[in-house]
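Undergrad: Sharing a structure here in structure tokens format.
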Amino acid sequence: MTFQAPKGTFDWMPPRSETVLAVRDALAAPARRAGYGYVETPAFEDTGLFSRGVGESTDIVTKEMYTFTSRGGQSLTLRPEGTASVVRAVIEHGLYGGPLPIKLWYSGSFFRYERAQAGRYRHFSQVGAEALGAEDPALDAELIVLAMDGYASLGLRRVRLLLNSLGCKECRPAYRAALQDFLRALDLDEATRQRIEINPLRVLDDKRPEVRAQLADAPLVTDHLCGACKAYHEEVRGLLTAAGVPYEDDPRLVRGLDYYTRTTFEFVHDGLGAQSAVGGGGRYDGLSEMIGGPQLPGVGWALGVDRTVLALEAEGLLAERAGRVDVFAVPLGEEARRRIFPLVAALRRAGLAVDMSFGGRGVKGAMKAADRSGARYAVILGDRDIEAGAVQVKDLTTADQTAVPFAEVVDVLKGRLS
Ligand code: ATP
Ligand code: MG
Numbered sequence: 391m392t393f394q395a396p397k398g399t400f401d402w403m404p405p406r407s408e409t410v411l412a413v414r415d416a417l418a419a420p421a422r423r424a425g426y427g428y429v430e431t432p433a434f435e436d437t438g439l440f441s442r443g444v445g446e447s448t449d450i451v452t453k454e455m456y457t458f459t460s461r462g463g464q465s466l467t468l469r470p471e472g473t474a475s476v477v478r479a480v481i482e483h484g485l486y487g488g489p490l491p492i493k494l495w496y497s498g499s500f501f502r503y504e505r506a507q508a509g510r511y512r513h514f515s516q517v518g519a520e521a522l523g524a525e526d527p528a529l530d531a532e533l534i535v536l537a538m539d540g541y542a543s544l545g546l547r548r549v550r551l552l553l554n555s556l557g558c559k560e561c562r563p564a565y566r567a568a569l570q571d572f573l574r575a576l577d578l579d580e581a582t583r584q585r586i587e588i589n590p591l592r593v594l595d596d597k598r599p600e601v602r603a604q605l606a607d608a609p610l611v612t613d614h615l616c617g618a619c620k621a622y623h624e625e626v627r628g629l630l631t632a633a634g635v636p637y638e639d640d641p642r643l644v645r646g647l648d649y650y651t652r653t654t655f656e657f658v659h660d661g662l663g664a665q666s667a668v669g670g671g672g673r674y675d676g677l678s679e680m681i682g683g684p685q686l687p688g689v690g691w692a693l694g695v696d697r698t699v700l701a702l703e704a705e706g707l708l709a710e711r712a713g714r715v716d717v718f719a720v721p722l723g724e725e726a727r728r729r730i731f732p733l734v735a736a737l738r739r740a741g742l743a744v745d746m747s748f749g750g751r752g753v754k755g756a757m758k759a760a761d762r763s764g765a766r767y768a769v770i771l772g773d774r775d776i777e778a779g780a781v782q783v784k785d786l787t788t789a790d791q792t793a794v795p796f797a798e799v800v801d802v803l804k805g806r807l808s
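Position 109 (the sequence shown) corresponds to 499 in the numbering used here; numbering is contiguous.
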């Protein structure tokens with residue numbers, strides 16, 4: 391019996407896995423530099439947190455959650471997204487009573503029982519950032535700029551920013567009613583008809599061509615914004631422009647989750663086919679109250695690590711080769727292995743990246759391994775060198791070889807590699 395990773399999941403293996411690490415770091419770095427603190431929440435939560443926080447009418451809650459009953463009889467769900475957990479943690483720890491806004495970032499695994507396809511997995515990874523406790527267009531703009539800076543720092547050139555506003559408690563109801571009137575007249579299946587009554591905005595997010603075709607003349611939320619929402623949106627757009635971040639207005643952009651208000655945005659990449667969103671987010675002013683917390687406005691994004699890796703590959707941008715080392719040690723024989731082992735440890739403690747040949751390979755196999763390692767230098771130790779108290783340091787690019795006394799190897803290699 392052999393096992394495979396479950397459907398919709400896969401392993402990131404070297405050398406591609408190196409890009410995954412680089413993407414996580416690069417996407418989080420701008421937020422960290424902007425005062426966002428790291429938050430780590432559990433990979434599972436009370437099911438109710440997601441059904442209330444993500445929304446009963448969303449695909450995530452109705453079809454995609456990994457829900458199970460714990461041995462203690464509690465209904466738990468593997469987290470399908472991060473915002474509800476972060477807001478739960480902020481409420482639980484009473485952070486809203488301290489300095490505002492609260493700025494947090496996270497990184498981790500998320501789980502959705504989706505139809506598995508390229509760029510759409512059942513286990514995937516996101517880097518996210520949230521800012522709570524201030525309703526300030528500069529905060530919306532800040533988050534968007536940070537995400538764009540993260541993509542740019544990876545060298546990505548084909549990420550586009552789509553921007554919209556979904557209005558607020560004041561203006562959304564009238565828009566919702568107008569949209570419902572429009573949608574009820576269309577030729578739609580029963581499930582979609584039900585969705586019109588529960589959450590009509592979500593129908594605009596339908597990806598099916600036969601539905602999309604009918605939505606061409608749907609009323610646009612941007613034509614229904616109240617004065618305050620319009621002004622807020624103008625301010626966000628102005629700040630983005632001032633920071634040199636281009637955007638495209640997309641009045642049809644709605645997001646998969648129920649809790650968004652005002653600013654919504656998505657980052658798309660054109661090299662990814664149907665699964666083009668590499669990230670998205672927006673403002674969610676009602677979420678805290680929806681999960682039993684105080685009134686606490688918030689804005690945030692989640693960036694897909696896996697799709698960002700695919701975007702890098704689509705642009706031909708690959709990270710450094712995996713596990714690349716500076717030095718490769720080649721002991722010829724057992725005594726040489728005993729002597730070279732502590733030297734390898736000392737080189738590593740001195741900050742060099744060092745690997746060695748294992749498994750008692752002959753000189754030919756060991757030198758091949760040294761070449762494959764990408765190392766600049768090989769440190770070779772044979773019987774004669776042991777007697778002489780020295781190692782052979784071979785420059786693998788020029789093939790120059792010099793004997794270096796044991797006691798000097800660390801300094802010599804540190805010097806040559808600096
Ligand atoms: P989509 O419209 O593609 O389903 P979404 O609106 O469900 O995306 P979010 O919940 O906003 O996505 O998640 C933010 C980002 O996380 C997405 O833009 C995407 O890059 C990534 N992501 C979401 N779901 C998946 C998945 N099943 N597999 C891989 N990445 C995902
Ligand atoms: Mg989705």
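By construction, the Cβ of each residue, glycine as well, lies at the ideal position given by its N, Cα and C atoms.
Keep in mind the model is a prediction, meaning the values are calculated, not measured.
Compute the minimum distance between the beta carbon of alanine 692 and the heavy atoms of ligand 1, and state whether it is under 7 Å.
TA: For the purposes of this step, residue 692 is taken as the residue at position 302 of the sequence shown. Checking the Cβ of alanine 692 against ligand 1 gives yes.
Undergrad: Is the stretch 666-677 close to the stretch 692-709, with three or more CB pairs under 8 Å?
TA: Yes, since at least three Cβ pairs between the stretch 666-677 and the stretch 692-709 fall closer than 8 Å, the two stretches touch.
Undergrad: Can the beta-carbon of leucine 737 be found closer than 8 Å to that of aspartate 761?
TA: Indexing the sequence shown from 1 puts residue 737 at position 347. Indexing the sequence shown from 1 puts residue 761 at position 371. No, they are not a contact pair.
Undergrad: Please find out if some non-hydrogen atom of ligand 1 comes closer than 7 Å to the beta-carbon of glycine 463.
TA: Translated into positions along the sequence shown, residue 463 becomes position 73. Outside the cutoff, so no.
Undergrad: How many Å lie between alanine 519 and arginine 547 at the Cα?
TA: Counting from 1 along the sequence shown, the entry for residue 519 is found at position 129. Counting from 1 along the sequence shown, the entry for residue 547 is found at position 157. Those two C-alpha atoms are separated by around 22 Å.
Undergrad: Check for me: the alpha helix (DSSP H) holding glycine 755 runs from which residue to which?
TA: Taking the first residue of the sequence shown as 1, we reach residue 755 at position 365. First-last of the alpha helix (DSSP H) with glycine 755: 753-762.
Undergrad: Name the DSSP bridge partner or partners of alanine 768?
TA: Along the sequence shown, read from residue 1 onward, the residue named residue 768 stands at position 378. Answer is Phe718 and Lys784, bridged to alanine 768.
Undergrad: Would you say the stretch 523-536 touches the stretch 603-613, given that touching needs at least three Cβ pairs under 8 Å?
TA: The stretch 523-536 is not in contact with the stretch 603-613.
Undergrad: For valine 635 versus valine 535, is the C-beta distance shorter than 8 Å?
TA: Along the sequence shown, one-based indexing puts residue 635 at 245. Along the sequence shown, one-based indexing puts residue 535 at 145. Cβ distance < 8 Å, so valine 635 and valine 535 count as in contact.
Undergrad: How big is the Cα-Cα spacing for leucine 417 and serine 497?
TA: Locating residue 417 in the sequence shown gives position 27, where the first residue counts as 1. Locating residue 497 in the sequence shown gives position 107, where the first residue counts as 1. When rounded, the distance between both Cα atoms is 10 Å.
Undergrad: Any heavy atom of ligand 1 closer than 7 Å to the CB of glycine 509?
TA: Within the sequence shown, residue 509 is the residue found at index 119, counting from 1. True, at least one ligand heavy atom lies under 7 Å from that Cβ.
Undergrad: Mark leucine 411 as exposed unless 16 or more other C-beta atoms lie within 10 angstroms of its C-beta, in which case mark it buried.
TA: What you label residue 411 is simply residue 21 of the sequence shown in a count that begins at 1. Result: exposed.
Undergrad: Use the C-beta contact count for glycine 438: other C-beta atoms within 10 angstroms, 16 or more gives buried, fewer gives exposed.
TA: Here residue 438 corresponds to residue number 48 of the sequence shown, with the count starting at 1. That one is exposed.
Undergrad: Between which residues of its own chain and leucine 485 is the CB-CB distance below 6 Å, once the five residues before and five after are set aside?
TA: The residue you call residue 485 lines up with position 95 of the sequence shown. Here the set comprises Ile492.
Undergrad: Examine the Cβ distances between the stretch 678-693 and the stretch 729-747 and report whether three or more of them are shorter than 8 Å.
TA: No: fewer than three Cβ pairs fall under 8 Å.
Undergrad: Taking 7 Å as the limit between beta carbons, can you name the residues of its chain near arginine 490, skipping five residues before and five after?
TA: Counting from 1 along the sequence shown, the entry for residue 490 is found at position 100. Rather than arginine, the amino acid found at residue 490 in this sequence is leucine. The residues are Gly523 and Ala524.
Undergrad: Which stretch, first to last residue, makes up the beta strand (DSSP E) that contains glycine 672?
TA: Counting from 1 along the sequence shown, the entry for residue 672 is found at position 282. From DSSP, the beta strand (DSSP E) with glycine 672 extends over 667-673.
Undergrad: State the Cα-Cα distance for the pair glycine 661 and arginine 461, rounded to the nearest angstrom.
TA: In the sequence shown, counting from the first residue as 1, residue 661 sits at position 271. In the sequence shown, counting from the first residue as 1, residue 461 sits at position 71. Cα to Cα, the separation comes out at about 45 Å.
Undergrad: In the structure shown, what three-state DSSP assignment does alanine 524 receive?
TA: The residue given as residue 524 occupies position 134 in the sequence shown. It is coil, neither helix nor strand.
Undergrad: Distance check for threonine 792 and glycine 805, CA to CA, integer angstroms please.
TA: Against the sequence shown, residue 805 aligns to sequence position 415. Against the sequence shown, residue 792 aligns to sequence position 402. Near 15 Å, if we compare the C-alpha coordinates of threonine 792 and glycine 805.
Undergrad: Let me check you understand the geometry: is the CB of alanine 719 closer than 7 Å to at least one non-hydrogen atom of ligand 4?
TA: Within the structure as shown, ligand 4 is missing, the only ligands being ligand 1 and ligand 2.
Undergrad: Identify whether proline 795 lies in helix, strand or coil by the three-state DSSP scheme.
TA: Within the sequence shown, the letter at position 405 stands for residue 795. It is a strand residue.
Undergrad: Taking 8 Å as the cut-off, decide whether the C-beta atoms of tyrosine 649 and leucine 677 are in contact.
TA: The residue labelled residue 649 in the question sits at position 259 within the sequence shown. The residue labelled residue 677 in the question sits at position 287 within the sequence shown. Yes, Cβ-Cβ distance for tyrosine 649 and leucine 677 is below 8 Å.
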